[in-house]
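Just so you know, the sequences run in chain order A and B. Add 364 to the 1-based position in the first sequence for this note's numbering, that's all there is to it. Add 2 to the 1-based position in the second sequence for this note's numbering, that's all there is to it. These notes are about the structure you will find just below.
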Amino acid sequence: MMLFARVSVQNIAAYRFDLVVRIGVSLMHIAAELLGVWIIFTNTQTLKGWQWQHMLVLVGVYRIIAGGIRMSIVPNMRKVLEEIREGTLDFVLLRPVNAQLLVSIREFVVWRVADVLIGMAVAAVGCVELIGHIPVVSALIFSLMLAAGFVIVYSVWLMLATLCFWFVRIQNIEMVFWNVFEAGRFPIVIYRPWVQWLLTFVVPLAFITTFPAGALLGDPATQIPVMAPVYAVGMAMVLLLLSGWFWRFGLRHYSGASA
Amino acid sequence: MTHVVRAFLAYLRAAIGVMFQYRGEILLWAIWGLINPAVLYAMWSSAAEGNPGGEAAGFTRGQFAAYYFIIMIVGHLATAWDVYEMGYMIRTGKLSPLLLRPILPIWKSLAENVAYKIATLLFVVPMWCIFAWLVTPTFDTAMWQFGLGAAAVLLAAALNFILGYVVSLVAFWVTKLDALGEVYFGLGMFLGGRFAPLDALPEPVRWIADGLPFRWMFAFPAELLMGRITSQTEALAGIGIQAAWIVCIIVAFKILWTVAVKRHAAVSG
């Protein structure tokens, strides 16, 4: 894994100007998101109990997760999709290591770390603005929930990639993912009850952005369930097992494109 | 002129065929156009309820519903992707064969654009109806506003396409266009009134928005169709501004295109 990471670093060092432009785009994204929060709260006092400080934390969490996904999950899954289509996945499967692990850690887009760091800074500012400091216990729970959110996203992605064993031509599945992910920019309390239910249990978006943000603040105004960290870890474990099983099930159906 | 029309119709037929071949993929594109306004509607309706008067930026919940319902339609009809594609076409040399044809490549882009909208109609219209049924919009639209508004929507779509195409010509000078595409999209989001109605922005920003084309691509047709623009002169002036932008940008296109193609020949030659 360290080797894969080192190769990725060398790759970007070769294109330094590109790197500067990309980090510029990252900064532009966060600027646009902060501008959005500012516009919202010059026109209203509260979004169903969420104040601007809460929203800053949410913007930060969204950035951390989106950056993490683009850093490690998306590039790997894109590669798997391509290999299934072209039949070269056979070479991966022939290697004497766990195929799921191998396909999940081959590619890293290292400069996306910038997104994660920017997101952390914004979340920290929001937290300090609201409660004056960053509570240690909440920060630990927050990290745990971010990790759980990340595992949930990974599992969903693995299942989407596995679908490709049956439906080979779904290159644009990434679009579906980002489309739905868009709804996580705002706290789920803004949606109607049945949409909230969908976003918690069917498309577990609530676990990925709203719940971690609420857990860091520990503020009842965010209206997240008290047991949210427990649910998040449970959800992550269930989905991880389910997606691993689905991947193996898909592999059994995969006969290789060259056959 | 007739040969351009004939070639355009041939392009259009071919493009519609391709769109139906890839129907799954184009639907995925269309979904974004539905989710984004729906999410923003949910956010602004909560914002309106968060104020004592039940209004934010002078919009009630029902008016936000009407605004985002129209933004959903305008946004879909205004979809154009040349800003994202031109850099790729030039980098990979895919543009070169098109340049050899006796018809400008923009006609092919336009045909694909229209084909996309025709092919997605069967999918998006029911979705628009479901959205309207769920959010119960409040319309205060008079007959004349509806008529002018429909014209404004078409002009907005035309303006969107041609402006996007002209901006994409920058790809002849800079081959990596991704960042530019994002800036262009962001301007449409904020100054075009897609993220928030322009009334939610501070006064000086609104002046800037008036002077740029983006407002006339999204917010103006939406405000007109929901019945928020009550003076006929203002509505007609808006349509005049849309038409003026379209004419200016076509002129800019003619000039830039000649320069760009000359430069292209120099690069690949």
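C-beta atoms are modelled at their ideal positions from N, C-alpha and C, and glycine is treated no differently. Just so it is clear, the structure is predicted and the values come from calculations on it, not from any experiment.
*Three-state secondary structure (DSSP) of residue 203(B)*: Numbered from 1 along the second sequence, position 201 holds the residue referred to as residue 203(B). It is coil, neither helix nor strand.
*For residue 411(A): DSSP bridge partner residues*: Taking the first residue of the first sequence as position 1, residue 411(A) is located at position 47. Answer is 414(A), bridged to residue 411(A).
*Anything in chain A within Cβ reach of residue 37(B), meaning under 8 Å, just list it in chain order.*
In the second sequence, counting from the first residue as 1, residue 37(B) sits at position 35. Here the neighbours are 543, 544, 546 and 547.
_My parser needs the alpha helix (DSSP H) runs of 4 or more residues fully inside the segment 93-175 of chain B; what are they?_
97-102, 107-137 and 145-170
*When we look at the beta-carbon of residue 7(B) and count the other beta-carbons within 10 Å, is it buried (16 or more) or exposed?*
In the second sequence, counting from the first residue as 1, residue 7(B) sits at position 5. By the 10 Å Cβ count, residue 7(B) comes out exposed.
*Is residue 131(B) buried or exposed, if buried means 16 or more other CB atoms sit within 10 Å of its CB?*
As a working note, residue 131(B) is residue 129 in the second sequence. Burial call: exposed.
_residue 241(B): CB within 7 Å of a non-hydrogen atom of the ligand ADP_ = The ligand ADP is not among the ligands present in this structure, which contains no ligands whatsoever.
_Could you compute how far the alpha carbon of residue 161(B) sits from the alpha carbon of residue 617(A)?_
Numbered from 1 along the second sequence, position 159 holds the residue referred to as residue 161(B). Numbered from 1 along the first sequence, position 253 holds the residue referred to as residue 617(A). Residue 161(B) and residue 617(A): Cα-Cα distance of roughly 49 Å.
*Quick one: measure Cβ to Cβ for residue 602(A) and residue 490(A), integer angstroms, because I've assumed they're closer than 8 Å.*
Position 238 of the first sequence, counting from 1, holds the residue named residue 602(A). Position 126 of the first sequence, counting from 1, holds the residue named residue 490(A). Actually they are not in contact, since the Cβ atoms of residue 602(A) and residue 490(A) sit about 30 Å apart, beyond 8 Å.
*Quick one: does residue 579(A) have its CB under 8 Å from some CB of chain B?*
Along the first sequence, one-based indexing puts residue 579(A) at 215. Closer than 8 Å: no.
*Using the Cα positions of residue 271(B) and residue 104(B), report the straight-line distance between them to the nearest angstrom.*
Residue numbering aside, residue 271(B) sits at position 269 when the second sequence is read from its first letter. Residue numbering aside, residue 104(B) sits at position 102 when the second sequence is read from its first letter. Since pLDDT at residue 271(B) reaches only 42, below the 50 mark, its modelled position is unreliable, and no value is offered.
_So, for residue 574(A): in the same chain, excluding its five sequence neighbours on each side, which residues have a beta-carbon less than 6 Å away from its beta-carbon?_
Stepping through the first sequence from its first residue, residue 574(A) is reached at position 210. Excluding sequence neighbours, residue 574(A) sits near 551 and 552.
*Backbone CA spacing between residue 123(B) and residue 110(B) [nearest angstrom]*: Taking the second sequence and counting its residues from 1, the one referred to as residue 123(B) is at position 121. Taking the second sequence and counting its residues from 1, the one referred to as residue 110(B) is at position 108. Answer to the nearest angstrom: the Cα atoms are 20 Å apart.
_Under 8 Å: do the segment 59-75 of chain B and the segment 20-34 of chain B share three or more Cβ pairs, one atom per stretch?_
no
*For residue 623(A), which of helix, strand or coil comes out of DSSP?*
Indexing the first sequence from 1 puts residue 623(A) at position 259. Here residue 623(A) scores only 44 on pLDDT, less than 50, and its place in the model should not be relied on; the value that follows carries that caveat. Residue 623(A) falls in the coil class under three-state DSSP.
_Closest by C-alpha distance to residue 116(B), when choosing among 241(B), 5(B), 17(B) and 239(B)_ = Position 114 of the second sequence, counted from the first residue, corresponds to residue 116(B). It is 17(B) whose Cα lies nearest to the Cα of residue 116(B).
*Does any CB atom of chain B fall closer than 8 Å to the CB of residue 399(A)?*
Here residue 399(A) refers to the residue found at position 35 of the first sequence. Yes, its Cβ sits closer than 8 Å to a Cβ of chain B.
*Can you grab the Cα-Cα spacing for the pair residue 393(A) / residue 434(A), in whole Å?*
Here residue 393(A) refers to the residue found at position 29 of the first sequence. Here residue 434(A) refers to the residue found at position 70 of the first sequence. Approximately 14 Å, taken between the alpha carbons.
*In the segment 177-258 of chain B, which residue ranges form an unbroken beta strand (DSSP E) of at least 3 residues, counting only runs that do not cross its ends?*
none
*Per DSSP, which one or two residues make a beta bridge with residue 61(B)?*
Walking along the second sequence from the start, residue 61(B) turns up at place 59. Answer is 58(B).
_Counting only C-beta atoms, is residue 432(A) closer than 8 Å to chain B at any point?_
Stepping through the first sequence from its first residue, residue 432(A) is reached at position 68. Not one chain B Cβ lies under 8 Å of residue 432(A).
*When DSSP labels each residue in this structure, what does residue 491(A) get in the three-state scheme?*
Within the first sequence, the letter at position 127 stands for residue 491(A). Note: residue 491(A) maps to helix in three-state DSSP.
*Whose C-beta lies closer than 7 Å to the C-beta of residue 464(A) among residues of the same chain, with five residues either side of it excluded?*
On the first sequence, position 100 is the one that residue 464(A) refers to. Closer than 7 Å at the Cβ level, and outside the excluded window around residue 464(A), lie 608 and 611.
_Restricting to Cα atoms, I'd like to know which of 101(B), 46(B), 180(B) and 114(B) is closest to residue 646(A)._
An answer regarding residue 646(A) cannot be provided, because it is not within the stretch 365 to 623 covered by chain A.
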